[in-house]
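Asker:
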Amino acid sequence: MRYITRRVGQAAIVLVAAFTATFFLLQALPGDAILIKYENPELGLTPEQIASIRVAYGADTPAWEQYLHTLAGYLTGDFGYSTQYGTGVLRLIAEALPETLALAGWGFTLAVVLAFALAFLATLAPFAWLRSALHSLPALLVAVPVFWIGILLIQTFSFGLGWVPIIGADPVQALILPVITLAVPISAPLAQILLRSIDEVSLQPFITVIRAKGAAPWWVLTRSVLRNAILPTITIAGILFGELIGGAVVTETVFGRNGIGRLTEQAVANQDIPVLQGVVLLAALTFVIVNLIVDLVFPLLDPRLRTGRVTRAVIAHREEALV
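Structure below.
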């Protein structure tokens, strides 16, 4: 219970730190979103009217007052209003979130499947040259830009082969190519960490004993190696899941999906600080919750972590995954 309480407290501190850093970094950006929108001559607003709008948004007060007011609002569920649309930030996020959740959920699931499939093939392939080539594949996929994968998939499967329509697609068809685009770069580091862990565990003396007893390679991999090699992979999976929103920005822009990524891209273009603040906090909240779940799952997978040295052991697994 002390471990859970400490981890929840650390998660709360991370959220407050992320909110504070984001707020002051966005405040330091050049330009003023309210002036950019309302000083447009086509609107015909007078300087007095524009000044009253700035007062309504609280933009005329010092930064520290805006910080405390915004922090108090977030604690009570008031995320403020978009300077571009005049709509509540919470409503904009709520409307865009289902699209991104579907994309991120299926993308992450496919990434895990691809990573395990690649790790199994690279370990059990019958030829040494094929195992070596499959071991090198994750490093290649990590270096491929997300937008290039999306454009390549559209050119090949939509315009070339005509298998997946881009225009007039139903909800399932509209998800196929974006999910693959998001999954490929996420699966690469997952497979890389899993392969390295499998290689390290395979060299342990107890695995040598199991092989000496005549166990088949697939049996050794699935029954003995994988269970001991999976913890670093879960760690990096938690970190990568928190980065899905960042990947969704590019993917949703390439495929024209109206999700959190598209909302973020438009907020950056319009310097819509309230929306950016809300999206960044959503990303931080996702990252914190996923990693909290990962830390709480560790003791269930590894009995050695159920002792009083849980925190130190979890940190060791994190460092192992991130090296």
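In the working numbering, each residue carries its 1-based index in the sequence shown increased by 3.
Ideal placement from N, C-alpha and C gives every residue a C-beta, glycine not left out.
Computed from a predicted model, the values in this text were never measured in an experiment.
1) Which residues in the same chain as residue 252 place their Cβ atom closer than 7 Å to its Cβ, once the five residues preceding and following it in sequence are excluded?
2) Closer than 7 Å by C-beta to residue 179: which residues in its own chain qualify, once you throw out the five before and the five after it? Chain order, please.
3) Check this for me: beta carbons of residue 186 and residue 113, under 9 Å apart or not?
4) To the nearest angstrom, how far is the alpha carbon of residue 208 from that of residue 160?
5) Quick check: the Cα distance between residue 142 and residue 191, rounded to an integer number of angstroms?
6) How far does the alpha helix (DSSP H) with residue 96 in it reach, from first residue to last?
7) Taking residue 88 as the reference, which of 296, 274, 294, 288 has the closest Cα?
8) Can you find at least 3 beta carbon pairs, one from the region 286-299 and one from the region 121-134, that sit closer than 8 Å?
9) Quick check: the region 27-38 against the region 60-80, are there 3 or more CB pairs under 8 Å?
10) When DSSP labels each residue in this structure, what does residue 84 get in the three-state scheme?
11) Can you give me the Cβ contacts of residue 255 inside the same chain, cut-off strictly under 8 Å, excluding the 5 residues immediately before and after it?
12) Return the residue from the list 47, 301, 171, 45 that minimises the CA-CA distance to residue 259.
13) Determine the DSSP secondary structure at residue 207, reduced to helix, strand or coil.
14) Residue range of the alpha helix (DSSP H) that residue 139 falls in?
15) What is the C-beta distance between residue 272 and residue 278, in whole angstroms, given that I count them as a contact (C-beta under 8 Å)?
16) Compare the beta carbon distance of residue 154 and residue 169 with 9 Å and say whether it is the shorter of the two.
17) Determine, using beta carbons only, whether residue 237 and residue 301 come nearer to each other than 9 Å.
18) Would you call residue 230 buried or exposed, if buried means 16 or more other Cβ atoms sit within 10 Å of its Cβ?
19) Put residue 382 into one of helix, strand or coil per three-state DSSP.
20) Can you name the start and end residues of the alpha helix (DSSP H) that residue 220 belongs to?
21) Any chance you could list the alpha helix (DSSP H) runs of at least 4 consecutive residues sitting entirely within the region 235-292, in chain order?
22) Does DSSP put residue 202 in a helix, in a strand, or in coil?
23) Can you grab the Cα-Cα spacing for the pair residue 235 / residue 204, in whole Å?
24) Shortest alpha-carbon distance to residue 73 belongs to which of 94, 96, 22?
25) Do residue 201 and residue 232 have their C-beta atoms closer together than 9 Å?
26) Rounded to a whole number of angstroms, what is the C-alpha to C-alpha distance between residue 131 and residue 140?
Answerer: Reading off the structure:
1) Excluding residues within five positions, the ones whose Cβ falls inside 7 Å are 264, 267, 268.
2) So the qualifying residues of the chain are 167.
3) The answer is yes: Cβ separation under 9 Å.
4) Each residue's CA atom was taken as its position, placing residue 208 and residue 160 some 48 Å apart.
5) Using only the alpha carbons, I get a separation of about 7 Å.
6) Counting along the chain, the alpha helix (DSSP H) containing residue 96 begins and ends at 92-127.
7) Among 296, 274, 294, 288, the Cα nearest to that of residue 88 belongs to 274.
8) No, the region 286-299 is not in contact with the region 121-134.
9) Short answer: they touch.
10) Residue 84 falls in the strand class under three-state DSSP.
11) Cβ contact annotation for residue 255 (same chain, cutoff 8 Å, sequence separation greater than five): 102, 103, 106, 181, 261, 262, 263, 264, 265, 268, in chain order.
12) For the residues 47, 301, 171, 45, the minimum Cα distance to residue 259 belongs to 171.
13) Look at residue 207 here: in three-state DSSP terms it is coil, with no helix or strand label.
14) If you look at residue 139, you'll find it in the alpha helix (DSSP H) that goes 131-145.
15) With 8 Å as the limit, residue 272 and residue 278 do not qualify as a contact, their Cβ atoms being about 11 Å apart.
16) Result no, Cβ atoms of residue 154 and residue 169 do not sit closer than 9 Å.
17) In this structure, residue 301 lies closer than 9 Å to residue 237 by Cβ.
18) Under this definition residue 230 is an exposed residue.
19) Examination of residue 382 is not possible in this model, given that the chain is present from 4 through 326 alone.
20) Start and end: 220-223.
21) If we require 4 residues or more, the alpha helix (DSSP H) runs fully inside the region 235-292 come out as 247-258, 263-273.
22) Helix at residue 202.
23) Distance between the alpha carbons of residue 235 and residue 204: 12 Å.
24) Closest option to residue 73, Cα to Cα, is 22.
25) Against a cut-off of 9 Å, the Cβ pair of residue 232 and residue 201 comes out as a contact.
26) Just so you know, the alpha carbons of residue 131 and residue 140 end up roughly 14 Å apart.
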